[in-house]
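Each remark here refers to the structure printed beneath this line.
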Amino acid sequence: MQLTRRHLKVKEYIRPEIYQQLQEYGESIRFLYVANSPVIRKRINRETYTIPEHCKDCPGENGGGVTLTADESKDLDAVMKKEFFNLRASDKISLWRSIPDTRHELCKIVKYPDDLPSASVVIVFKNERWSPVLRTVYSVLNR
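Here my numbering runs 1 ahead of the position in the sequence shown, where the first position is 1.
So this is what it looks like as structure tokens:
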């Protein structure tokens with residue numbers, strides 16, 4: 002990781018007891034991104050979400066590809082030109098699909114306070130196809 006003005010040495014930024022806690026995780030950390038860094042208290046458990054059985058091998062599951070049949074691939078250029086994305090592949094992806102956790106390892110061990118306020122999610126869209134919008138709504142509600 003290249004050091005920028007948005008980075009500080011971990012030991013200089015974090016309180017000693019928190020730094021000790023991070024070391025106990027066995028992470029070899031040198032720098033930490035500090036913009037809006039929360040107090041480290043509790044782990045967020047992303048593993049609480051379970052994929053429904055009927056979706057485990059669905060197209061696009063866990064970030065996998067989607068294979069279109071020859072019939073579905075017909076006139077795909079016209080669809081791509083109109084929608085600016087592969088609508089036919091998008092329509093085949095499950096509403097409950099899961100994607101890999103691509104966060105940095107340090108981000109996976111951050112603990113957040115238990116008493117955080119509730120959050121609102123605003124999804125702004127106009128002239129959008131339903132499959133990506135519904136997948137977004139399902140992701141927000143299920144996680």
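Beta carbons are placed, not taken as given, at the ideal position from N, Cα and C, and that holds for glycine.
Query, Result
"Return helix, strand or coil for K109, following the three-state DSSP convention.", "helix"
"The alpha helix (DSSP H) with S74 in it runs from where to where?", "71-74"
"Looking at the structure shown, is I98 part of a helix, part of a strand, or coil, going by DSSP?", "One detail in the question is off: residue 98 reads as Arg in this sequence, not Ile. If DSSP states are grouped into helix, strand and coil, R98 belongs with coil."
"Provide the residue span of the alpha helix (DSSP H) that contains K82, from first to last.", "77-84"
"Who are the Cβ neighbours of V122 in its own chain at under 8 Å, not counting the five residues just before and after it?", "V141"
"Taking the continuous alpha helix (DSSP H) assigned at V138, which residues delimit it?", "131-143"
"Checking 8 Å against the spacing of the C-beta atoms, do E73 and R130 come in under that value?", "no"
"Mapping the DSSP letters down to three states, classify N63 as helix, strand or coil.", "helix"
"Short check: CB of Y139 to CB of L96, under 8 Å?", "yes"
"From the DSSP output, in three-state form, read off A120 for me.", "coil"
"Can you give me the C-alpha to C-alpha distance between D115 and K109, rounded to a whole angstrom?", "16 Å"
"Considering just the uninterrupted stretch of the alpha helix (DSSP H) at R104, what are its terminal residues?", "No alpha helix (DSSP H) holds R104; DSSP gives it neither H nor E."
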